[in-house]
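Residue numbers (this note's numbering), protein chains in the order written: chain A, 1 to 66; chain B, 67 to 326; chain C, 327 to 701. For every residue, glycine included, the Cβ atom is placed at its ideal position computed from N, Cα and C. Data first, discussion second: the structure below is written as structure tokens.
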Amino acid sequence: MLYINQQKSELQAATLAELAERLALPPQGVALVLDRQLLPRALWAQTPLSTAQDHHIEIFQLVAGG
Amino acid sequence: MLTIAGKTFHSHLLLGSGKFQSAMQMQQAVRASGTELVTLALKRLQPEAPLDDLFSPLQALGVQLLPNTSGARTAEEAVQAALLAREAVGTHWLKLEIHPEPKYLLPDPRETLKAAEQLCNLGFVVLPYCSADPLHCKQLEQAGCAAVMPLGAPIGSNQGLQNRAMLEIIIEQANIPVIIDAGIGAPSDATLALELGASAVLVNTAIASSPDPVTMARAFRLAVEAGVCSQLAGLGRRQQQAVASSPLEAGFARVLAELS
Amino acid sequence: MQLNPVFPVNQSLFDQLQQQSCLPDRSAVQQALSAAKPDFADLQALLSPAAAEFLPQMLARATQLKRQRSGRTLALFAPLYLSNLCSNECSYCGFSRSVAMKRRILTIAEAQQEAAAIQALGIGQILLVTGEHQRKAGVDYLLEVTQTLRPQVAKLLLESQPLGIADYQQLRTAGIDAVMLYQETYDPQSYTRHHTFGAKADMAYRLDAPARVAAAGIAQLGMGVLLGLSDWRTDVLLLAQHLRFLQQHWYQLAFTVALPRLKPCAGQISQHSGVSDRDYLQLLCALKIFAPELSLSISTRDSPALRDLLLTSIACTASAGSKTQPGGYAVAPESLAQFSIDDERSPAEIAAMLRRSGIAPVWQDWHPLLGRRAV
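Here's what the structure looks like:
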């Protein structure tokens, strides 16, 4: 099961890159933490998501702020 | 010219990107302000309601992005936020801010210093939002921060340079840029900050919550330019009433008269 | 901190400042006297001939600043001359290597005896003084003296040849609270003329020594020039610039400034500083007005009348009952002194004078039992 920002998600994806595509993440300005580990964007394509275990994904995005 | 960590900026105004009505308005304000350094925050994405992409338009404006660690309440959280920001924004520049109390959003000096030490060691260019405490600012400088950003008054209060006496000492003692952050409510506050010798000011609320943010951004641009010019030209000095007129003790006067 | 920053002094800077030294006019002096935060231009004005007629106002202002910061107090200290061995040749000094005199270096036991004699006078702040002899009175000797005296002395100050950072760190750990380093002059030509032989001939090494003291974490630094070696207005101005420079890099540093005037001494040709009492008072007041945070320290070289004035007005520290030869207090009171003393009154007499003027003498400002930590 996938948890995105602590919410169950029905999305299915073989890799992080695929998931990013499903979520329509912008090409920049996003940071992603998979199972408590910060993963640079360059590694997303080679990072598989197993269906046999839970994955906790935290996604952060740039927003306006002072 | 404003130089931070070896990088030179023409504008001495830093702009916070929060509190604007829309991304479009924020971009217009950025343009009108002439700023080259814009702060941003990092938030968890809500998958069901994705936000506008701020990154590309700001990048198109050619400004240096300065992600902040707002929301962090401890040094540990701030370091985590910094690592995320570095990944998301692709810059190691960072506005460090740790304010654990919600009412005045005052920076926590102990946690800020702790986080600054760690982040400098990790290679970040750290610009800490900090208390207007001269000793604290020297400690942040010694920790390796690229600038210090003491507050003029509580965030968003528009009260101006309430901490003036302490800011003057901070400016006098600093060997890194002093950027007055928080509290600057009017363009005249910004001019005053620069006249006191500050290197730059960071403004957000005063511009974003103005009825006409774009015109206010322009007002700040002009005010900051005025302050920079006045710094360059050198202010005429204000005379204090001569304390020197206090009378000399009689005994001293007698000895003085006999000195060779 | 990385490499120590270097305070830049060269001949053309000195000459340029000297040319400016007599330019300020009355209005510049008046402006300087009413400035909330005097800058270097103000100091130049206060040091200029135009300020001479404002001496009463300057003294009043400097006295007010001193009392505002330190109150009506004066800290007393005494020098403990450990050695008159010296490998330098300095035109103005009675300890110069070529001067025929009996040389001695106190043993550790003798140093203890001298310290005890000083303490018996009531004085708890002791300035250890040596001639500059790296081999015989080097850091190992100074460390041994420091470690021995530390438990019994409230405050230990050191005036020796300039040392390296590692040496100063060791001395700090051993218990040295403050280091005095006199530049003598910031005028390179004069410096070279007066320091003709020995390690002291290296002006750059000496100029950099205060930064090494600071880098070693010693909390208090003494600075000074020997008035009379060059143009005093310019020397004092550069001293102030040096002080500001050090402050900018080491904000925790506390400063003591002593500005002795050239005096006749054993073995050397008769010499005079060319600095009158009025000049002297003017420059001391100018410095205090410019940097109220610094402590002015007054030695026994000055006459009793002038000392009474200085000690009750602008000075923060003064020596009293000084003997300027090794063993002078107890071990060998008859030997030759480094320079002649003008104020021969005992510490008790000085204290009585201070009390009559409403100034409290401070015999020691710290207790060894409280312990101290390196900054």
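Cβ proximity to chain C below 7 Å picks out Q239 and N241 from the stretch 223 to 246 of chain B.
B:W159 is bridged by DSSP to B:V191. At least one C-beta of chain A is nearer than 8 Å to the C-beta of B:D119.
Proximity of the stretch 675 to 685 of chain C to the stretch 390 to 408 of chain C meets the contact definition, three or more beta-carbon pairs being nearer than 8 Å. Residue contact with chain B for A:A64: present (Cβ-Cβ distance below 8 Å to some residue of chain B).
C:I449 is a Cβ neighbour of C:P673, given a cutoff of 8 Å. Looking from the CA of C:M529, the closest CA among C:S623, C:M384, C:D513 and C:D503 belongs to C:D513.
By the neighbour-count criterion, in which 16 or more other beta carbons inside 10 Å mark a residue as buried, B:E324 falls on the exposed side. Taking 8 Å as the threshold, the shortest C-beta distance from B:K204 to chain C falls below it. For C:P673, no beta strand (DSSP E) segment is defined; the enclosing uninterrupted segment is the alpha helix (DSSP H) at P673 to R682. Beta-bridge partners of B:V267 (DSSP): B:L79 and B:I246. Chain-order list of chain A residues neighbouring B:V155: G29 and L62, by C-beta distance under 7 Å. Taking C:S422 as the centre and dropping the five residues before and after it, the same chain places the C-beta of E415 and C416 closer than 6 Å to its C-beta, in chain order. Here C:E458 has C412, S413, N414, S486, Q487, G524, A525 and K526 as same chain residues with Cβ atoms under 8 Å from its own Cβ, once five neighbours each way along the sequence are excluded.
Restricting attention to B:S77, B:V280, B:Y195 and B:G189, the CA atom closest to the CA of B:G128 is found in B:S77. Think of a sphere of 7 Å around the beta carbon of A:L38: the chain B residues whose beta carbon falls inside it are L149, L150 and E153, in chain order. In the pairwise beta carbon analysis, the stretch 141 to 156 of chain B is classified as touching the stretch 14 to 34 of chain A: at least three pairs are separated by under 8 Å.
Beta-bridge pairing by DSSP links C:E415 to C:F523.
For B:V294, the uninterrupted alpha helix (DSSP H) segment begins and ends at P279 to A299. Taking the Cα positions, C:Q573 is about 21 Å away from B:I245. For B:M92, the enclosing alpha helix (DSSP H) starts and ends at A89 to S99.
Chain B has a Cβ within less than 8 Å of the Cβ of C:S639. Put simply, the CB of B:V145 is far from chain C, with every gap to its CB atoms at 8 Å or more. Remark: fewer than three beta-carbon pairs, one from each stretch, lie closer than 8 Å, so the stretch 292 to 300 of chain B and the stretch 99 to 114 of chain B are not flagged as touching. Between B:P175 and B:C196 a beta carbon distance of about 7 Å is seen, short of the 8 Å cut, so the two are scored as contacting. Its chain contains Q451, D503 and W692 as the residues whose beta carbon lies nearer than 6 Å to that of C:K481, once the 5 sequence neighbours on both sides are disregarded; these appear in chain order.
Residue-level contact check: B:L301 does not touch chain C, since none of the beta carbons of chain C fall below 8 Å from its beta carbon. Here DSSP, grouped into helix, strand and coil, assigns B:S276 to coil. Separation of the CB atoms of B:A182 and B:A212 is rounded to 10 Å, and the pair is thereby denied contact status at 8 Å. Contact between B:M215 and B:D255 fails: their C-beta atoms lie close to 15 Å from each other, not under 8 Å.
Contact between the stretch 618 to 630 of chain C and the stretch 576 to 585 of chain C is present: three or more C-beta pairs spanning the two stretches fall below 8 Å. DSSP assignment within the stretch 434 to 467 of chain C yields the following whole beta strand (DSSP E) runs of 3 residues or more, N-terminal first: 451 to 456.
When rounded, the separation of the alpha-carbon atoms in B:A126 and B:E261 is 32 Å. If you ignore the 5 residues before and after C:Q567, its C-beta comes within less than 7 Å of the C-beta of F366, all in its own chain and listed in chain order. With a contact defined as Cβ atoms closer than 8 Å, C:S639 and C:L385 qualify at about 6 Å. Here the C-alpha atom of C:L349 lies approximately 7 Å from the C-alpha atom of C:S374.
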